[in-house]
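Worksheet for the structure shown next.
Numbering (my numbering), first residue to last: 4 to 477.
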């Protein structure tokens, strides 16, 4: 039995400490104990397994990380994620990263690790070169500065440090990791300027610097990135200009001031600029954006008329214009926006009648929100043709007359209706809509796709509320 090369005991509900007898399998190359109920420290007996190339202890309840794991120098894949490591031996991370020359994947995410992650300064000297391609420390409580020696991992393609307490600046040397395709550092307390060396990451596809206190001053040079998520930073001191190759730009929850430049349409298809202090009007150039599926400028200080060219974005799925100071009338037609799923123009100063849009041309529209404007007239019966409509919020306007009886026939508002999954259903996770349910204003995020609500608050219409739909079912 001691000649076994591979041992897989994963997904067996094993409830014990890591067995000591495992130390007898000195020829073992692969050991997978993931997704069990193992607890306690990682047994010292595993120190004998010096031939291991794969060690997977993820998804257990282990509580102690020993630095001697750094002596298993044959390791290529090491996964310790999803545990409860309340004790991490001093120097553990440095021992792993410095000594395991052949290690390609190291995952230690969501394991309750605390303390200063990287204590040693200068350079790593354990190996002539490092094979590491993927490092994931997400969802812990690691703190301290990011070391400059991270740049020694020249083969690194995936680096994720989100939701920790790393502080200080982003090291300039990070720009030397030219093979990086994913760089996540959101949810920390990083500060200072975003080093311009990041523009050297020519293979970067996703950049997440959200929830920090960073200063951005050179966004126009990020021309080789495809995705930038820079939400919740403390200060942005210049507006983005030209990032022609970017696919997705999220600068929400910042302190961006000023107007949206015409050149913004040259950056990328998908723009999330909500929760800032942007003023002025929407430039007509936005209508030139191709293949855009998301546009969110909610919770700003934008004003003027909604640019008519905005309705030319035929690929648009999510459109948030709410909580600004937009004026004027809504367009008589939604153009060719056949994929539109969410339209939120609430909390503005829009006036005039609600247009009689042809709902049959927009089978995907599930949310129409026009709350708290100055719209007048009645609810058009053509809204009954929006067969997938689940939320219709027209409250706090100047509407009169009854709710069309056919509203009660809308399939999306029936209790038996279940939204059909689509290839893009995951995108619902990023959408936020406020709804007043039974007198309480609630923010819906993760479960938004399953919310059903009709809110008109028209005094003159209450006696004529269609029996097919009952407010008590909200």
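Backbone N, C-alpha and C fix where the C-beta goes; we use that ideal spot for every residue, glycine too.
These figures come from a predicted structure and were not determined experimentally.
query, result
"Would you identify the three-state DSSP class for residue 202, choosing helix, strand or coil?", "helix"
"In angstroms, rounded to a whole number, what distance separates the CA positions of residue 411 and residue 366?", "17 angstroms"
"Tell me which same chain residues have a C-beta within less than 6 angstroms of the C-beta of residue 105, skipping the five on either side of it?", "79, 134"
"Excluding sequence positions up to five away, which residues of its chain have a Cβ less than 8 angstroms from the Cβ of residue 398?", "374, 375, 439, 458, 459, 460"
"Compute the beta-carbon to beta-carbon distance between residue 296 and residue 319, rounded to the nearest angstrom, for a pair I have assumed lies under 8 angstroms.", "6 angstroms"
"Consult DSSP for residue 27 and reduce its assignment to one of helix, strand or coil.", "helix"
"From which residue to which residue does the beta strand (DSSP E) around residue 193 run?", "192-196"
"Identify which residue in 195, 288, 165, 210 has its Cα closest to the Cα of residue 185.", "210"
"If the criterion is Cβ atoms closer than 9 angstroms, does the pair residue 305 and residue 329 meet it?", "yes"
"Here's a check: name, in chain order, each residue in its chain whose Cβ is nearer than 6 angstroms to the Cβ of residue 326, leaving out the five neighbours to either side.", "301, 302, 350"
"Report back the beta-carbon spacing between residue 76 and residue 97 to the nearest angstrom; my notes put them in contact at under 8 angstroms.", "At roughly 15 angstroms, the Cβ-Cβ gap does not stay under 8 angstroms, so residue 76 and residue 97 are not in contact."
"Mind reading off the beta-carbon distance from residue 38 to residue 13? Whole number of angstroms is fine, and I expect it under 8 angstroms.", "5 angstroms"
"Can you tell which of 182, 333, 369, 188 has its C-alpha closest to the C-alpha of residue 203?", "182"
"Rank 44, 8, 22, 282 by C-alpha distance to the C-alpha of residue 29 and give the top, closest one.", "8"
"Between residue 120 and the rest of its own chain, which residues show a CB-CB distance below 6 angstroms, the 5 nearest in sequence each way excluded?", "96, 145, 147"
"Looking at residue 333: is its Cβ nearer than 9 angstroms to the Cβ of residue 355?", "yes"
"Report yes if the CB atom of residue 82 is closer than 9 angstroms to the CB atom of residue 61, and no otherwise.", "yes"
"Check whether the Cβ atoms of residue 45 and residue 67 sit closer than 9 angstroms, and answer yes or no.", "yes"
"What three-state label does DSSP hand residue 364 in the structure shown?", "helix"
"When you compare only the Cα positions, how much space is there between residue 43 and residue 87?", "9 angstroms"
"Are the beta-carbon atoms of residue 71 and residue 47 separated by less than 9 angstroms?", "yes"
"Taking Cβ positions, are residue 150 and residue 174 nearer each other than 9 angstroms?", "yes"
"Taking its Cβ as the centre, do 16 or more other Cβ atoms sit within 10 Å of residue 369, making it buried, or is it exposed?", "buried"
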